[in-house]
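Enquirer: Going down the list, the sequences are from chains A and B. Take 21 as the starting number for the first sequence in the working numbering and just add one per residue. Take 21 as the starting number for the second sequence in the working numbering and just add one per residue.
There are 2 protein chains.
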Amino acid sequence: MVSSDGRLEHLIATATGIFAKQGYHATSMRDLSRASGLSLAGMYHYVRSKDEILFLIQDRCFAEVQAGAEAALDGVQDGAERIRTFIRHHVVFFAGHMDKMKVLSHEDEELTGTMRERVRERKRAYVDLLTGLLQDHGASDLNPGVATYALFGMMNWIYTWYRPDGPVTPESLADDMARLFLTGFLPSTRTATDLVASHGG
Amino acid sequence: MVSSDGRLEHLIATATGIFAKQGYHATSMRDLSRASGLSLAGMYHYVRSKDEILFLIQDRCFAEVQAGAEAALDGVQDGAERIRTFIRHHVVFFAGHMDKMKVLSHEDEELTGTMRERVRERKRAYVDLLTGLLQDHGASDLNPGVATYALFGMMNWIYTWYRPDGPVTPESLADDMARLFLTGFLPSTRTATDLVASHGG
DNA sequence: AATTCTCCCGAACGAACGTTCGGACGGGAC
DNA sequence: GTCCCGTCCGAACGTTCGTTCGGGAGAATT
Chain A
21 MVSSDGRLEH LIATATGIFA KQGYHATSMR DLSRASGLSL AGMYHYVRSK DEILFLIQDR
81 CFAEVQAGAE AALDGVQDGA ERIRTFIRHH VVFFAGHMDK MKVLSHEDEE LTGTMRERVR
141 ERKRAYVDLL TGLLQDHGAS DLNPGVATYA LFGMMNWIYT WYRPDGPVTP ESLADDMARL
201 FLTGFLPSTR TATDLVASHG G
Chain B
21 MVSSDGRLEH LIATATGIFA KQGYHATSMR DLSRASGLSL AGMYHYVRSK DEILFLIQDR
81 CFAEVQAGAE AALDGVQDGA ERIRTFIRHH VVFFAGHMDK MKVLSHEDEE LTGTMRERVR
141 ERKRAYVDLL TGLLQDHGAS DLNPGVATYA LFGMMNWIYT WYRPDGPVTP ESLADDMARL
201 FLTGFLPSTR TATDLVASHG G
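#1: Give me the Cα-Cα distance between F201 (chain A) and L31 (chain B), rounded to the nearest whole angstrom.
#2: Span of the alpha helix (DSSP H) holding E137 (chain A)?
#3: Return the CA-CA distance between G220 (chain A) and Q78 (chain B), expressed in angstroms with no decimal places.
#4: Closest Cβ-Cβ distance between M174 (chain A) and chain B: below 8 Å?
#5: Taking DSSP as the reference, what is the three-state secondary structure of W177 (chain A)?
#6: Could you check how far apart the C-beta atoms of R27 (chain B) and F82 (chain B) are, in whole angstroms? I think they sit under 8 Å.
#7: What's the C-alpha gap between V123 (chain B) and D25 (chain A)?
#8: Listing by chain order, which chain A residues have their CB less than 9 Å from the CB of Y169 (chain B)?
#9: Got a sec, what are the start and stop residues for the alpha helix (DSSP H) S125 (chain B) sits in?
#10: Residues in the segment 139–152 of chain A with C-beta within 7 Å of chain B's C-beta atoms, listed in sequence order?
#11: Using 8 Å as the cut-off, can you tell me whether the segment 110–127 of chain A makes contact with the segment 40–60 of chain A, which would need three or more C-beta pairs spanning the two stretches below that distance?
#12: For D128 (chain A), go through chain B and note every residue whose CB falls closer than 8 Å to its CB, in chain order.
#13: What first and last residue would you give for the alpha helix (DSSP H) that runs through L58 (chain A)?
#14: Kindly indicate which three-state DSSP category G37 (chain A) falls into: helix, strand or coil?
#15: What first and last residue would you give for the alpha helix (DSSP H) that runs through L74 (chain B)?
#16: For the alpha helix (DSSP H) containing L202 (chain B), list its first residue and its last residue.
#17: For the segment 98–115 of chain A against the segment 150–163 of chain A, are there 3 or more C-beta pairs whose distance is under 8 Å?
#18: Residues of chain A with CB under 9 Å from R199 (chain B), in chain order?
#19: Please confirm whether G133 (chain B) has its beta-carbon closer than 8 Å to some beta-carbon of chain A.
#20: Helix, strand or coil for D25 (chain A)? Go by DSSP, reduced to three states.
#21: Under 7 Å Cβ to Cβ from T34 (chain A), same chain only, skipping five residues before and after it: list those, please.
#22: Residues in its own chain within less than 7 Å of D71 (chain A) by CB, not counting five upstream and five downstream?
#23: Determine whether the Cβ of L193 (chain B) lies closer than 8 Å to any Cβ atom of chain A.
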């Protein structure tokens, strides 16, 4: 069970926690060594560099959240309901995986070169997914880019203040944010009424 | 003009730009020396440590944005209009001072000890200002904390994507965000009344 | 039995870091 | 002229950084 793969997973999981708590640059390889149980040199058997650890965290996390969103959207037809589904998934996933999502959100500009591009590509795909959902719904009088990033902002900011063990459950957090955004985003009374009706029962 | 005070201001301004671009930890005192024109040792005549430079940026920036918000709110009576005023001021200020606001938002957890507490106090005061505005308006069915941080999130996320020289003006950005938030937050619009009625009945 | 391969580490490498030391320069005070 | 003080710097300090080197233990392969 402590096979080669298991150790790499363990290293990544450990690094995720420490990067989330201390930040990427403030964390040394010696910190990771101490916390993972591997020696300083031993970590380099699993990983090419410190950068690569950050890359692995971000690459996997984006893949996971993207796949989860697509799975959640599967079968949902109504445009507004698809937006709501995306928001709910993103927020609940975020609240359930705060460490890696914090590393994803906060250590956004630390990678360089090929790894940076790989992660950027994943990010672009994920952002495009939401932008597509907003555009599919059509008529909002808000600037589409502003709406997309305003929504991502209110969701991704979670890592700065939300405590999963506090009084607000991930589900109510997700519901509040979905309601806040959709009520503001959807333009007509009719759609808003339909939305509440379909939501309430 | 290159008096003692002027040099300190210049050092802080230079550091703000570099911290915003590279991040606090990725910036060395030698970087600041090179960019400011002062020697490595010379900077320590104006500043006790690298930490203190970050502190000065954040402390001053919070003071500035707080004072600006209070000035903007002066004389505005209507509750909803006060919220809109706060949003507009925050967003326009953010868009007009991206570097320092990015350093304020992104390098939030880098200070320690007394400086950390000083900045935290300023932050608490500023957050309390908005929370107060939201509470003053009363009846929203959203969790007050969630509403506050959702709003700060969508506003502070600006530094990750907004380009002041792009097609979106700071004013339209501020208007869109104010509209997006207020429509979702305020329960008492005509359409929203219908909405709540159909939901409750 | 000999060889190769995977896994892993103690010790060290050179570079870069934040900070400090001792002193230089110049202008006002005595 | 001498002293002092604010301003500023070259050079160095001790530390920590990410990474590498050379090799050992043990299983697998030949």
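The beta-carbon is built from N, C-alpha and C at its ideal position, and this holds for glycine as well. Since the model is a prediction, treat every value here as computed from it, not as a measurement.
Expert: The answer reads as follows:
#1: Going from the Cα of F201 (chain A) to the Cα of L31 (chain B) covers about 41 Å.
#2: Its alpha helix (DSSP H) spans residues G133 to H157.
#3: For G220 (chain A), the predicted model reports a pLDDT of 40, less than 50, meaning its position is unreliable; a value from the coordinates is still stated below. Each residue's alpha carbon lies about 45 Å from the other.
#4: Yes, M174 (chain A) lies at the interface with chain B (some Cβ there is under 8 Å from its Cβ).
#5: Look at W177 (chain A) here: in three-state DSSP terms it is helix.
#6: For a cut-off of 8 Å, the C-beta gap from R27 (chain B) to F82 (chain B) is around 23 Å, too long to register as a contact.
#7: Rounded to whole angstroms, V123 (chain B) to D25 (chain A) spans 39 Å at the Cα level.
#8: Against chain A, a Cβ distance below 9 Å from Y169 (chain B) picks out M174, W177, I178, T180, W181 and Y182.
#9: Annotation for S125 (chain B): the continuous alpha helix (DSSP H) segment containing it runs M118 to H126.
#10: Under the 7 Å Cβ criterion, the segment 139–152 of chain A contributes no residue.
#11: Yes: the two stretches touch, three or more of their Cβ pairs being nearer than 8 Å.
#12: Within chain B, the residues near D128 (chain A) are T180.
#13: DSSP places L58 (chain A) in no alpha helix (DSSP H); its state is neither H nor E.
#14: DSSP places G37 (chain A) in the helix class (H, G or I) of the three-state scheme.
#15: Following the DSSP letters along the chain, one finds L74 (chain B) inside the alpha helix (DSSP H) bounded by residues K70 to L93.
#16: Element bounds for L202 (chain B): P190 to F205.
#17: Judged by pairs of C-beta atoms under 8 Å, the segment 98–115 of chain A touches the segment 150–163 of chain A, as three or more such pairs exist.
#18: Chain A residues near R199 (chain B): D161, L162 and G204.
#19: No, G133 (chain B) lies away from the interface with chain A (no Cβ there is under 8 Å from its Cβ).
#20: DSSP, read as helix, strand or coil, puts D25 (chain A) in helix.
#21: Taking T34 (chain A) as the centre and dropping the five residues before and after it, the same chain places the C-beta of L52, A55 and S56 closer than 7 Å to its C-beta, in chain order.
#22: Counting only Cβ-Cβ distances below 7 Å, and skipping sequence neighbours, we find L131 and M135.
#23: Closer than 8 Å: yes.
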